[in-house]
């Protein structure tokens with residue numbers, strides 16, 4: 001039978017964690033002259049957020065909250081300001097993937113009330129890494145407060161900054177994936193939601209760019225996992241509902257069903273017991289919808305070792321099994337109450353021994 005939770009979402013090892021390799025080896029941006037009037041929409045959106053904060057009437061009704069992990073490679077270079085003078089020359093960093101995700105998620109909602117330190121707003125500011133920042137600055141010329149930053153690969157961050165680091169906000173990657181949540185030292189840490197462009201959504205706890213702690217993941221196909229993560233993998237206790245609505249409730253180990261757990265199939269079958277790397281292995285009980293029952297040892301999804309099988313008419317066999325078949329000595333209990341000891345080979349009785 002063999003069950004692996006990777007059938008829900010292939011968390012391949014090459015997908016890595018939130019390291020933003022896409023922000024390395026960037027192509028030189030094509031600088032274009034843009035009239036300031038063309039920036040009114042972009043800047044207007046951001047300045048509207050600032051105005052709403054200053055009047056204390058911030059939005060608070062945001063309903064928007066892979067797996068793979070966030071991205072490959074290193075975290076994005078945040079850059080440093082070349083100067084604090086707004087310029088009418090900014091790179092054209094737009095991309096279809098980012099635009100599609102932005103439309104899908106909607107406008108980022110600024111809903112936090114920040115402290116009252118003195119800040120000033122500038123924009124657009126071209127940074128040393130060729131990124132463009134539009135937002136608030138503190139007196140030390142650090143990004144601080146509300147701000148939007150666009151990288152040369154078209155990735156865009158909108159949210160809150162503190163002393164030049166993002167602390168809470170949404171980053172849309174150049175490939176269309178997105179992360180919306182808490183940041184610590186330029187890493188996803190705290191609570192956050194990851195949206196993959198394929199449709200998988202993870203919502204839960206993060207630590208140093210990896211899923212860590214309690215979380216839930218839903219794939220575009222409809223599979224759902226709710227439970228514990230460790231080092232970016234399903235690990236610990238959790239509940240997995242598969243595409244066909246079968247369900248597993250139990251322990252996971254490095255993305256696989258492993259340990260103690262209960263699996264219920266859509267057709268009514270049920271197994272409760274030990275699992276090793278996605279397979280029934282160890283001691284367990286298997287119950288069929290028609291009432292048949294096996295209580296005993298399993299190996300690689302097959303009855304193997306000592307176990308008892310009870311049929312629907314009350315007859316039963318208690319003895320040894322090899323690769324799913326009766327094999328060796330055992331006792332046959334008939335439905336009339338008579339019991340006989342015999343020897344079986346490859347599923348067939350070869351002799352009675354009583």
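Residue numbers (UniProt numbering): 1 to 354.
No residue lacks a Cβ here, since even glycine has one placed at the ideal position from N, Cα and C.
Being a predicted model, the structure only gives us computed values, none of them experimental.
The residue among 345, 259, 130 and 325 with its C-alpha nearest the C-alpha of residue 284 is 259. In this structure, the alpha-carbon of residue 80 lies about 14 Å from that of residue 122.
Spanning the alpha carbons of residue 115 and residue 261 requires a straight line of approximately 48 Å. Per DSSP, residue 249 is one residue of the beta strand (DSSP E) stretching across 247-253. Contact between residue 168 and residue 182 holds: their C-beta atoms lie close to 6 Å from each other, under 8 Å. Around the C-beta of residue 211, 16 or more other C-beta atoms lie within 10 Å, and the residue is accordingly described as buried. Residue 233 counts as buried, since no fewer than 16 other beta carbons sit within 10 angstroms of its beta carbon. In the three-state scheme derived from DSSP, where H, G and I count as helix and E and B as strand, residue 121 is classed as strand.
Separation of residue 286 and residue 188 (C-alpha to C-alpha, rounded to the nearest whole angstrom) is 42 Å. Between residue 352 and residue 340, the beta carbon gap of about 6 Å places them in contact (Cβ cut-off 8 Å).
At a Cβ-Cβ threshold of 7 Å, residue 119 and residue 159 do not count as neighbours. Look at the segment 157-227 and you find these whole runs of beta strand (DSSP E), each 3 residues long or longer: 165-172, 178-184, 187-195, 201-207 and 210-218.
The beta carbon of residue 293 is closer than 6 Å to those of 287 and 310 in its chain, skipping five residues each way along the sequence. With contacts defined as CB atoms closer than 7 Å, residue 156 and residue 134 fail to qualify as a contacting pair. At least 7 Å separates the beta-carbon of residue 128 from that of residue 153. Between residue 250 and residue 220, the C-beta gap is not smaller than 7 Å, which leaves the two residues out of contact.
Using a Cβ distance threshold of 7 Å, residue 305 and residue 318 do not count as a contacting pair. Comparing alpha carbon positions, the residue from 254, 349 and 213 closest to residue 325 is 349. If you draw a 10 Å sphere on the C-beta of residue 196, you find 16 or more other C-beta atoms in it, and that means buried. Taking 7 Å as the cut-off, the beta carbon of residue 237 is found no closer than this to the beta carbon of residue 247. Here residue 323 is exposed, its C-beta having fewer than 16 other C-beta atoms within 10 Å.
Taking residue 150 as reference, the option from 301, 138, 126 and 111 with the minimal CA-CA separation is 126. Only residues of its own chain outside the window of five on either side were considered, and among them 312 have a CB closer than 6 Å to the CB of residue 291, listed in chain order.
With contacts defined by Cβ atoms closer than 7 Å, residue 243 and residue 222 form a contacting pair. Apart from sequence neighbours up to five positions away, the residues of its chain that approach residue 265 with a beta-carbon distance below 6 Å are 246, ordered along the chain. 7 Å or more divides the Cβ of residue 138 from the Cβ of residue 165. With respect to the C-alpha of residue 214, the residue from 280, 230 and 224 having the closest C-alpha is 230.
Runs of the beta strand (DSSP E) lying entirely within the segment 267-354 and spanning at least 3 residues, in chain order: 270-276, 279-287, 293-299, 302-310, 316-322, 325-333, 339-345 and 348-352. Of the residues assessed, residue 78 falls on the buried side of the cut-off, its CB having 16 or more other CB atoms within 10 angstroms.
Leaving aside the five residues that flank residue 208 on each side, the residues in its chain whose CB is nearer than 7 Å to its CB run, in chain order, 187 and 189. For the pair residue 337 and residue 315, the Cα-to-Cα distance works out to about 8 Å. In the structure shown, residue 126 adopts extended strand secondary structure according to DSSP, grouped into three states. Here DSSP, grouped into helix, strand and coil, assigns residue 99 to helix. Around the beta carbon of residue 256, a 10 Å sphere encloses 16 or more other beta carbons of the protein chains shown; the residue is thus reported as buried.
Taken atom to atom, the span from the alpha-carbon of residue 105 to that of residue 203 is near 15 Å. Within the model, the alpha-carbon separation for residue 302 versus residue 201 is close to 35 Å.
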